[in-house]
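Written below as structure tokens is the structure these notes are about.
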Amino acid sequence: MSLTEGPIVTAADLAGNGVYGDDPDGDGKFGIFGGRFVPEALIPALDEVAAEYEKAKTDEEFLREFDHLLRTYAGRPTTLTEVPRFAEHAGGARIVLKREDLTHTGAHKINNVLGQALLTRRLGKTRVIAETGAGQHGVATATAAALLGLECVIYMGAVDCERQALNVARMKLLGATVVPVTNGSQTLKDAINEAFRDWVTNVDRTHYLFGTVAGPHPFPEIVRDFARIIGVEARRQILELTGRLPDAVCAAVGGGSNAIGIFHAFIGDEGVRLYGYEAAGHGLESGEHALTLTAGSVGVLHGARTYVLQDEEGQTIESHSISAGLDYPGVGPEHAWLKDSGRAVYEGITDAEAMEAFALLARTEGIIPAIESSHALAGALKLGRELGPEATILVNLSGRGDKDMGTAMKYFNL
Amino acid sequence: MTTLQTVFSKARAENRAALVGYLPAGFPTKDGAVAAATAMVEAGCDVIEIGLPYSDPLMDGPTIQDAVHRSLENGTRIADVMRTVEGVAKTGAATLVMTYWNPIDRYGATRFARDLANAGGVGTITPDLTPEESGVWLQESKDAGIDTVFLVAPSSTEDRIGKVAKICTGFVYAASLMGVTGARESVGSAAEGLVARTRQHTSLPVCVGLGVGTGAQAAEVAAYADGVIVGSAFIRRLLDAPDEASGLASVRELAAELAAGVRR
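Protein chains in written order, with our numbering: chain A, -18 to 395; chain B, 15 to 278.
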């Protein structure tokens, strides 16, 4: 890989300039999706973040600093790993993994967090807050806060705190305050509500370090841009490895940051199919799932118009997934737009299918993936059988499975 | 039906501020909400805001969250919200609905505006609908003949206050502080300045909410605002009451104290 030479992140990588896909319009819309549905009190803060980011993304010093942290702290570039023994179960298609699980803190979340932590410093703010589902974004935020000396408060659903106790301990060790959220469904959506409440109260000294490509403008754009490095690297790497672009790119979709991160560099490549896999939980019919794009309807949640799991009166329906990171009844507005425009295809993977892929990758390749990422792996298994042995499939292995061992022990009776 | 215009001219004629009370529909029960709002009107509230209970109330503090949660557990639907409005409007108070945008969006803006007007409601307060996204709702509200109230905050720039004030009818809601709903020890010091700044952009009445819960605070706010908005303090009275009758008595007592406050 030649990526050890030259900068990892260039202004073009962040700004996109139409090369990698479309930026939202002036009101922060992707087609009809996105925008801002927030209390007026937060508008100045969102404007401030947007303005500072506009400056930062073409600022040499900011890019150099971000690049330096990605390289020397996060461990970028991450490698590609071809997984032939796993691929035998996918009809013989070639499967290549983008190893975000090998980054510092063990998931793709670190990319966005380092970018936004640097942005926090530019904003002159001393405190960051964040929501977390699986705990990966919380750990990443606590890590960046420790690195840059920022005060850090993480909101996490009480149910998730229990499911991901190890990550709670990690955050505490990193110096963060973890606040268990006990209202509503006590999962990610309620943690986001609580983080917004904190933000509106403490906005003068606090940056809300949003963890996914959802929420009000400019978060979907900023988080995407900082995660875009995944696809930018992967596109160069797979061309070097195979001499051509992949037939398909697969990623898991909860809020959608890892998926947008790897999709974005390929949006202009018409021959590359983009597949996002949502959590089907116990299956669509069971009603216990997180199939926002495949079974939801258009609504407003957490400040943006997007697909939402909601009843006929607009009340949010609680989602379900074995994976805390995908257990979210909304999704990033750009995914809603990619779905409606037909550029990306979204399908569901059940808990059982994901856990089968989880165990299969461990057994055949010696890699224990996050359960979130296992949804993408399960998708690739299906897709490989469909596309046949000539196909090459790139999968975003967005995180590692260490945090999921409790769930795995229970599920597999280990 | 009493309009907001009538309320504010009457209050102005009496040289006082209007008293605005908030309660979510379906809390403490569906009928209990109408009874509590009626007691509030009888004891001096000029305007009642009926909250539409929503699963993700990200601008609300713990007291309203708790009440809304109970209301949803009681099975409150939008039809119940409309019935509550109908019951409260009969008391002679100008009755509004306060709601996050998604329930209106999903129910259908045309249908919501029409049903609210038919129930005797005079308008809506939509705390998460910004001027940029308000086009559809402004048109539907105009067609149905109901008012549209939006919020300004201490953080609002002159430009934003101008944009918000321009789309308000009825009154402008000034949030007294940066934060979520809930009674506090003191009303934000930023409130008076915000009201003054808002008056530069509009001749509409400006009402202050967030953090007001006592007669003394109501008097303080009434000195510079056209209306005083109280929500969580009423809910707190109902939550703390051992039974419905004492809850009603307690709410009545608070409304009387606040009504005396706005007349000081």
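Don't be surprised by glycine CBs; every beta carbon is placed ideally from N, CA and C.
Here the structure is a predicted model, which means the values were calculated and not measured.
On a Cα-Cα basis, can you pick out the residue from the options that is closest to residue i?
i        : options                                  : result
A/Asp168 : A/Leu154, A/Gln145, A/Gly114, A/Val160   : It should be pointed out that residue 168 of chain A corresponds to Thr in this sequence rather than to Asp. The shortest C-alpha separation from A/Thr168 is found at A/Gly114.
B/Pro168 : A/Gly119, A/Ile348, A/Val181             : A/Val181
B/Gly46  : B/Leu272, B/Pro145, B/Ala263             : B/Ala263
A/Glu42  : A/Glu337, A/Val(-10), A/Thr107, A/Asp185 : A/Val(-10)
B/Ile62  : B/Gly106, B/Pro117, B/Ala259, B/Ala204   : B/Gly106
A/Val162 : A/Leu147, A/Arg151, A/Asp179, A/Leu155   : A/Asp179
A/Phe207 : A/Pro20, A/Ala260, A/Ile241, A/Arg324    : A/Ile241
B/Ala50  : B/Gly275, B/Ala274, B/Ser260             : B/Ser260
A/Ala305 : A/Thr275, A/Val234, A/Ala246, A/Leu255   : A/Val234
A/Ala71  : A/Leu362, A/Asn394, A/Gln117, A/Leu368   : A/Leu362
A/Ser322 : A/Phe14, A/Ala195, A/Arg45, A/Asp8       : A/Phe14
B/Val178 : B/Val265, B/Glu199, B/Asp254, B/Leu218   : B/Leu218
B/Ala274 : B/Ser23, B/Val48, B/Met54, B/Thr43       : B/Met54
B/Val276 : B/Asp257, B/Val244, B/Ala255, B/Asp254   : B/Val244
A/Thr143 : A/Val159, A/Leu131, A/Glu81              : Note that residue 143 of chain A corresponds to Glu in the displayed sequence, not to Thr. For A/Glu143, the nearest C-alpha among the options comes from A/Val159.
B/Glu56  : B/Lys104, B/Ile92, B/Glu100, B/Ala93     : B/Lys104
A/Ile211 : A/Thr187, A/Glu202, A/Asn239             : A/Asn239
A/Arg102 : A/Glu334, A/Leu129, A/Glu81              : A/Leu129
A/Gly105 : A/Met137, A/Ala26, A/Gln145, A/Thr124    : A/Ala26
What is the DSSP secondary structure of residue i, reduced to helix, strand or coil?
i          : result
B/Tyr121   : helix
A/Thr(-15) : Here the model assigns A/Thr(-15) a pLDDT of 37, short of 50, so the residue's position is not dependable and the matter cannot be decided.
A/Asp385   : helix
A/Arg40    : With the sequence shown as reference, residue 40 of chain A is identified as Asp, and Arg is not the correct amino acid for it. It is coil, neither helix nor strand.
A/Gln291   : strand
A/Ser278   : strand
A/Asn377   : strand
A/Ile76    : strand
B/Met12    : Only positions 15 to 278 of chain B appear in this structure, which leaves residue 12 of chain B out of reach.
B/Glu267   : helix
B/Ala189   : strand
B/Arg30    : coil
B/Gly275   : helix
B/Val163   : strand
B/Pro12    : Only positions 15 to 278 of chain B appear in the structure, and residue 12 of chain B is not among them; the question remains open.
A/Glu63    : strand
A/Thr107   : coil
A/Val19    : coil
A/Val159   : strand
A/Leu154   : helix
A/Cys133   : strand
A/Ile352   : helix
B/Glu258   : helix
A/Ala195   : coil
A/His263   : coil
A/Leu319   : helix
A/Glu371   : coil
A/Glu251   : coil
A/Glu346   : helix
B/Lys180   : helix
Show which residues of chain B have a CB atom less than 8 Å away from the CB atom of residue i.
i        : result
A/Arg17  : Thr144, Glu146, Glu147
A/Asn174 : Asp70, Pro71, Leu72
A/Lys170 : Asp70
What in chain B is Cβ-close to residue i, meaning under 7 Å?
i        : result
A/Ala22  : Ala167, Ser169, Ala189, Met192
A/Phe177 : Leu72
A/Asp8   : Glu146
Under 8 Å Cβ-Cβ, which residues of chain A neighbour residue i?
i        : result
B/Arg174 : Glu21, Ile24, Pro25
B/Val178 : Glu21
Please return the same chain residues whose Cβ sits closer than 7 Å to the Cβ of residue i, not counting the five positions on each side in sequence.
i        : result
A/Asp385 : Ala351, Ile352
B/Ser85  : Pro38, Ala39, Gly40, Phe41, Pro67
A/Trp295 : Position check: residue 295 of chain A holds Gly in this sequence, whereas Trp was assumed. Counting only Cβ-Cβ distances below 7 Å, and skipping sequence neighbours, we find Gly280.
B/Arg251 : Gly261, Ser264, Val265, Leu268
Short of 8 Å in beta carbon distance, which residues of its chain neighbour residue i, apart from the five on each side in sequence? Order them along the chain.
i        : result
B/Leu152 : Thr162, Ile181
List the residues of chain B that residue i touches, going by C-beta distances under 9 Å, in chain order.
i        : result
A/Thr165 : Note that residue 165 of chain A is Gly in the sequence shown, not Thr. Chain B residues near A/Gly165: Ser69, Asp70, Gln79, His83.
Beta carbon of residue i: closer than 7 Å to some heavy atom of the ligand NAP?
i        : result
A/Leu290 : In the structure shown, the ligand NAP is absent, as is every other ligand, since no ligand is present at all.
Can you give me the Cβ contacts of residue i inside the same chain, cut-off strictly under 6 Å, excluding the 5 residues immediately before and after it?
i        : result
A/Val326 : Tyr256
B/Gln231 : Val201
A/Glu299 : Ser166
B/Ala205 : Ser190, Val222
Kindly list, in the order they appear in chain A, the residues whose Cβ is closer than 9 Å to that of residue i.
i       : result
B/Ile92 : Glu294, Gly295
Cβ-based contacts, 9 Å cut-off: residues of the segment 69 to 90 of chain B near chain A: Ser69, Asp70, Pro71, Leu72, Met73, Asp74, Gly75, Pro76, Gln79, Asp80, His83, Leu86
What residues in the segment 266 to 299 of chain A bring their beta carbon closer than 9 Å to a beta carbon of chain B? Ser278, Val279, Gly280, Val281, Leu282, His283, Gly284, Arg286, Val289, Gln291, Asp292, Glu293, Glu294, Gly295, Gln296, Thr297, Ile298, Glu299
Residues of the segment 114 to 140 of chain B with Cβ closer than 7 Å to any Cβ of chain A, in chain order: Trp115, Asn116, Pro117, Asp119, Arg120, Tyr121
Short-range partners of chain B found in the segment 177 to 207 of chain A, where Cβ spacing is below 7 Å: Phe177, Arg178, Val181, Thr182, Val184
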